[in-house]
Structure formats: C-alpha cells, structure tokens
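2 protein chains.
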Amino acid sequence: MKTHNFTVSHTSGKARRGVIKMRRGDIQTPAFMPVGTAATVKTLTTDMVQSTRADVVLGNVYHLMLRPGAERLDRLGGLHEFMQWEKPILTDSGGFQVMSLASLRKLTEKGVTFRSHIDGSKHELTPERSIEIQMLLDSDIQMQLDECIAYPCTEEDAERAMELSLRWAQRSKDAFGDQPHRRLHGIVQGSVFPKLREKSVEALTKMDFDGYSIGGLAVGEGQEVMLDVLGMTCPILPIDKPRYLMGVGTPDDLISSIQQGVDMFDCVMPTRAGRHGLIYTRFGKINLKNAYLAEQKDPVDAELGPCEAATRYSRGYLHHLFKANEILGMVLASWINIAYYQQLMADARQAIENDCYDEFVLERKEQWAKGDPLKPQK
Amino acid sequence: MKTHNFTVSHTSGKARRGVIKMRRGDIQTPAFMPVGTAATVKTLTTDMVQSTRADVVLGNVYHLMLRPGAERLDRLGGLHEFMQWEKPILTDSGGFQVMSLASLRKLTEKGVTFRSHIDGSKHELTPERSIEIQMLLDSDIQMQLDECIAYPCTEEDAERAMELSLRWAQRSKDAFGDQPHRRLHGIVQGSVFPKLREKSVEALTKMDFDGYSIGGLAVGEGQEVMLDVLGMTCPILPIDKPRYLMGVGTPDDLISSIQQGVDMFDCVMPTRAGRHGLIYTRFGKINLKNAYLAEQKDPVDAELGPCEAATRYSRGYLHHLFKANEILGMVLASWINIAYYQQLMADARQAIENDCYDEFVLERKEQWAKGDPLKPQK
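Chains as they are written, first to last, in the working numbering: chain A, 0 to 377; chain B, 0 to 377.
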C-alpha cells in the first residue's frame, strides 16, 4: 500500500519529478524542507513559512526531546499543533545532533547516552527511544537512529559505524511497526567509500523502508566528492522510494544533487544565513550589509512571488535594518531565503517536467555567477 | 482650516473621544502610537502592526538622523515609503534622545551639539534643523525641539529649560511655516512645578500650535505626581487641539491619563517588554517564562481579535519559545502587546462614547489586579 504513495511522474536525465502523498498533504518533489529546529523555523511565523509554499518542515528530535520534551509535546497535542503547522513534518532521529552538540557522549551497541548541552542533564537515545519520541511528536516521516561519523575517517571506522547503523535500522523498523499514515526512512551511511555505501544500500533495501536518506555527507568532503557519492548511491536505490539527502545545502548543492537523482533536502543554511544578512537570490548571494544597497529603492527580487520581504521592501530598507541590528532584518532575510529555496525547487520541478533539467542547471549557475545586476561595476 | 481637523465627539468626565483627520488617514483618539524607533516597530512587520489597527506610528528623529540619515531617507522616498507604512507618522524632535543617548552634549541658545552613540560622529540639532529633518522624513505630525530636563530638578533649572523650550517653540513654528497637510505640536515643559507648566501652556497656546504635547513626565516622578501634573495642565490647554502625553506608559498609565483629558500616547514599553517575554493582557501582566504556562494549551487571550499571536498559538508554545531563546518569541510577544494596547484604546473610546469612562477604568484595574485566571492558586 504505502509504496504506491510516492509517484515519479517525470524524469529528465537522472532528475526526478514526483509527489509523496501524505495524510496531511502532498509533498511535491524535488522538495526543500525548512528546518524548524526547536519547533520554529527560526524567526518566522507559520504563516510566513506557508506563504513560501513549503510542503513539509523538519523538526529536530535532539532539540525537542530536551526542550520542551517529547512527553510534554505529546501532552500539548504533538508538534503540528504546537507550532501550528498543519502540513507534513519530517523528523530526524536525534543521532546527528547528539554527536555534534551533546557532551559526555557514550556510544554502545544499545544506543547513546549523553548530557544535554543546555543544562547538563543525562539522557539516553536508542533506536527504540528515537522512534518513540518521533511518535510522541506525531511526526509524519521518521528517521532511523544512525551513527554519523566525522569526515575524514578511516575505512574501518566508517565500516563499523555503517554496520552499527544497519543493526539500528532493523531495530528502528521493528519499533516503528506498522504505521499506515507515517513513513520510516533508513539512512545510507559509509562515508566516501563506494563499497560501504553499496553494502549499506543493499542491506537497507532488503529491510524495505518507505524512503531512503543519504547521511554522512555535507560534513566537509566538498561538493565534488559529495556528488560522486550521490552518483554511485542513487542509481542503486529503489526507483519507487523517495531519496532524501540530509543537511544539504546551498542552492548550487541542491540543483546539482537533484541531477544525481535526489528528491528531498533540508538545511539550516537559508535561515542561518538570513540571520546574518546573507540572502540567496536569482542573482546569487547578496550580503545585505554591502554599502551599495544603501540607497537602492528596488526590492530584492520583484519576481519572488509570494514573499513580500523580497517584493515589497526596498534593498535600502533591508540594508538599514542590518546596519541598525534590527531583528526585523533577520526575519525578512530568513523569509527571503526560504522563499527563494522554494521557488528554486518549483523551477526545478518545472524543468524536469519539460525534460530540460540539465539546461536549467547550467542557466541557473550562469545567472548566479553573473551576480547582482544592481551592483555597481568596479 | 487645520484647527477643525480635530473633533471631539464625546466626553465622559474629562476623558475625550475624538478623531484627527489627516491626509494619510484618520487617527481615532484616545490613540496609542507604537514606536518605530529606527523605521521599524521592533521585531514586527508592517502587516503585523497594521493588523492591530494602529492608526499612526512614531519615528525617532535622533535615531533616523544618524542612521540611515535624513537626506538619505528623503532620497529613498521618505519614512512612509521606507518602512512601508501608509498611515500617518508622528515624529519626535530628537531632543529627548540627544539628552539620554548621545555623548559630549553641548547645549546653547542656538541648539545642541553632540556625538553619535553609534560612531562618535559630530552632529548639531537646532529647532530649525529638527523641523528640516522631520520634513525630509515626510512626517505628518511634527514636534518642536525642546529641552527635557531630568527629574528631580530645581525649580530654577526647570524654569530655565522651560523658557528655552518656549523660545525654541517659536523658532520651530517659524521654520515649520505653513503646511496644509502636516501638524506641528508645541511641547509643554515645567517639570512638576504648576506655575511653570501654567506659564508654558499660556505661552504655547498664544503661539497657536496644531496640538500640544506634554513632555518631561514619566521620567521617574511616579504615576501619582504625573497625574497631578496632568490634572492641572490638561484643563488649561485648548479644548479643540489634541493633547499628546509623550513616552507614556503602562496600560494603567494610559487609562488613568485619559481620565485627565489626554488624547495621544507613545511608549516603547509594549515592544521592549515583549522582547523580554512580558506581555500585557486583559488579565494583567504575564511573564511568559513562568513555569505554570509550560503545558497550557489555551491561547493567551482568545478574544484579542486580530492578533493571531494571542489567539492561535498556545501559552505552552510561547513559553517554550522564550525558554529556548527563539526570536519568534520576541516577535509574537511584541505583537500581542501592541495588539493589546490598541484593543485597550478601542475599549476606552467605546467607554467614552457610552459616557461610562470612570466605571471602565475601575473595571479594568480590578481585572488586572485579579491576574491570570489560568494561573494556579498558591
């Protein structure tokens, strides 16, 4: 039943145009999922996020289990009700952030114990507990717990972590059980070693997950290496399941990865960059603190449809807000970035439908390289 | 002509219900004006501010002359265009903040020189330059430059500052000239000394301003003293001109001052408190960080009409946002406060129309004192 809920309607080269049918709404792919770390896509109201036409947002188990806590979130009606987001929510397993944020981590076959980076309190995350938390959050698309090791690493370390992740995949699947309205993803690991990635894919597909996430990338290996790994991983993944590249990336990363067959993405980059006054636009990256913007009456991008942060306010105003350290600047820049990412995905979907995806990628990269047409020539 | 643009339609005791007709829209009085210090009502989009039904916002000459600069604001189309606020804007003269924020101030008969608190640059503000800046901003309701001295002060100091303010009032009026679509307010000074206030009112009304501001209050004298000064000042001000109490205050200050005959207010309190998680509600002040809110599914106030920050999100969610230091918390709490202040003014206007203003004040104070009905009894 559930396997039919992802349909690829068009392809262009290896790029896929599809739709994931979920109880809470369809997810058009390729899809970018804004990150709602602690039950908020940072600085933005739910209505602002919805105005960008995002179909799905992401929640972080690590942050939410610590604050407000999974059981509390359940008592408050789940994550959708809590953050007033009615459409699908995807959650990670918590594993990645335990490794990057928590202190005094201890990893065993059973799971990982750690101390909160907030108050030092002790916690345990096992494959079973991660699924339990994701259920308490009422997450629509859940992730298995995995071990995401650092880059670079030895092949031995990568293999050990990948094998552990496979055993945790099975335990996650057993804990997940039968959930007609929810999905569970297995996570492909194996660092940059083709044989390990291959073995991971083979074992996970045998377990038959609802979708496959590709983990352990965008951890410092560079875009070229990442695309190589995707180039060998995507072709051996089942064609009838969505592929989610975790934690990626820049607009360039996204359209290049779609070219390798990736369907879903998440990244904190658009909101984090936005809080620092960096915006991603049709014209490439613009630093709103740049002096040349100070007296420009034009908006950032009059064509960025539903985002009034990009169409209504002048560049001069956005520049001023960052020079004056005004919080509204962070709000508007984050909004612009999320809106641009969504627009880019909509354009990518259109290009795949028109079977001209490679041309689309070339055109976009060219336009970004040209830079802001309103920037004075040096 | 202009004097007819303020009409008092109802009174209840000394409280007045009126309307100021302006080219950019009517201002219903009593009115609260959200403070848009640096061309932004802090943390809020223009649409959020408009949703609260505010008729007018305030801009600060001191902040705006330093950043982005008055001439630059003019080149960018004026303050309305810059911050995308179409309704009336009132500006202060800059004098108050020169005294409280700038360094190396030097006050002479001519005006005041100072160094910017931002970059140390040297500036001069005279009555003429203040009006010029307010014109460059395209401000609808402008203030004369005045000297607002600290509290407490000697009667001699208060008199000297009041007399200087009167001479600056005349110079401001001369500089303002004839502006059919704009208004200029004189500012009553004289600290807590009735004779000085009386003299200030007498001299200013002879100059015939479009409205009268009451300055030098809410500077530490306490509510009782403030109401005493208002009680002697308002009755001697012309009945056909709006009275604006500058920089005031709490909800209690507002409704008590209306009782003395004040028509207009501004204050940073609702936005500043909001950024710290303090909200003003029908039920009094609530600290969103209070633990009892953590699992409350109810909204802050389901009856606070157009403000979805108060009606849509749960108290538990708002609590969480502040515990997690999320910027969205500041946005939502500021929005709630501005919305509550506007609602309070709408209710006050209704009570004056119904000629039951004194009962209204008693009822409100009683309800605030009762506190949050959802707070557990100790």
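In this text, a Cβ means the ideal position worked out from N, Cα and C, and glycines have one as well.
Run of the beta strand (DSSP E) containing residue i, from where it starts to where it stops
i      : result
A/N286 : 283-286
B/Q27  : 24-28
B/V200 : Counting along the chain, B/V200 falls outside any beta strand (DSSP E), though it belongs to the alpha helix (DSSP H) covering 193-206.
A/A14  : 14-19
B/G210 : 210-213
A/I235 : Run containing A/I235: none; DSSP gives neither H nor E here.
A/M142 : 140-142
B/Y243 : 242-244
B/T45  : No beta strand (DSSP E) contains B/T45, which is instead part of the alpha helix (DSSP H) from 45-50.
B/R114 : 111-114
Range of the contiguous alpha helix (DSSP H) that encloses residue i
i      : result
A/L327 : 326-352
B/V187 : Per DSSP, B/V187 belongs to no alpha helix (DSSP H); it is in the beta strand (DSSP E), 182-187.
B/G391 : Nothing about residue 391 of chain B can be read from this structure; chain B reaches only from 0 to 377.
A/T270 : 268-274
A/I130 : 126-135
A/F56  : In the sequence as displayed, the identity of residue 56 of chain A is Val instead of Phe. Here A/V56 belongs to no alpha helix (DSSP H); instead the beta strand (DSSP E) covers 56-58.
B/K364 : 356-369
A/L89  : Looking at the DSSP string, A/L89 is not in any alpha helix (DSSP H); the run it does join, the beta strand (DSSP E), is 88-90.
A/S313 : Careful: A/S313 lies outside any alpha helix (DSSP H) and carries neither H nor E.
Distance between residue j and residue i (C-alpha atoms, nearest Å)
i      : j      : result
B/V360 : B/Q258 : 8 Å
B/L320 : A/G58  : 14 Å
A/L78  : A/L203 : 28 Å
B/V224 : B/G230 : 10 Å
A/P234 : A/Q188 : 15 Å
B/A69  : B/G76  : 11 Å
A/D357 : A/S255 : 9 Å
A/T42  : B/V330 : 8 Å
A/P241 : A/L373 : 39 Å
A/L100 : A/G273 : 22 Å
A/L183 : A/G260 : 20 Å
B/Q27  : B/A53  : 9 Å
B/T2   : B/Q366 : Here B/T2 scores only 46 on pLDDT, less than 50, and its place in the model should not be relied on; the value that follows carries that caveat. Spanning the two alpha carbons is a distance of roughly 38 Å.
B/W167 : B/Q178 : 19 Å
B/Y243 : B/E127 : 22 Å
A/G276 : A/D371 : 15 Å
Buried or exposed (CB count within 10 angstroms, at least 16 for buried), residue i
i      : result
B/K322 : buried
B/L165 : buried
A/S8   : exposed
A/L103 : exposed
A/H180 : exposed
B/P67  : buried
A/N286 : exposed
B/P375 : exposed
A/T6   : exposed
A/N324 : exposed
A/D239 : exposed
A/I278 : buried
B/G417 : Residue coverage of chain B in this structure runs from 0 to 377, which leaves residue 417 of chain B outside it and unanswerable.
A/A422 : Because chain A in this structure spans residues 0 to 377, residue 422 of chain A falls outside the shown range and cannot be described.
B/M0   : Bear in mind that a pLDDT of 43 at B/M0, under 50, signals an unreliable position, so the model cannot answer this.
B/E154 : exposed
Contacts around residue i, its chain only, beta-carbon distance under 7 Å, and the 5 residues preceding and following it disregarded
i      : result
A/V218 : A149, Y150
A/M82  : G35, A38, T39, T45
A/A309 : P298, V299, D300, L303, I335, A338
A/V228 : V191, R196, L216
B/G383 : It is not possible to answer for residue 383 of chain B, since the shown part of chain B is limited to 0 through 377.
A/K109 : T125
A/R23  : E85, K86, P87, D139
A/N4   : I19, K20
B/S115 : L65, A101, H122
Same chain, Cβ closer than 6 Å to residue i, five either side skipped, listed in chain order
i      : result
B/G248 : A217, C266
B/I337 : P33, T51, P269
B/A368 : none
A/M21  : P87, D139
B/I351 : H9, S11, A14, R16
Close beta carbons around residue i, own chain, < 8 Å, minus the five adjacent residues each side
i      : result
B/V200 : V187, Y211, T232, I235, L236
A/S313 : Q295, K296, D297, P298
A/K97  : One point to set straight first is that residue 97 of chain A is Val, not Lys, in the sequence displayed. Hits under 8 Å: Y61, R104, V111, F113, L124.
B/L327 : L320
Could you tell me whether the segment 127-138 of chain A touches the segment 85-93 of chain A, where touching means 3 or more Cβ pairs closer than 8 Å?
Result yes; three or more Cβ-Cβ pairs closer than 8 Å.
Does the segment 300-315 of chain A come close enough to the segment 4-19 of chain B to have 3 or more Cβ pairs within less than 8 Å?
With the cut-off at 8 Å, the segment 300-315 of chain A and the segment 4-19 of chain B do not touch.
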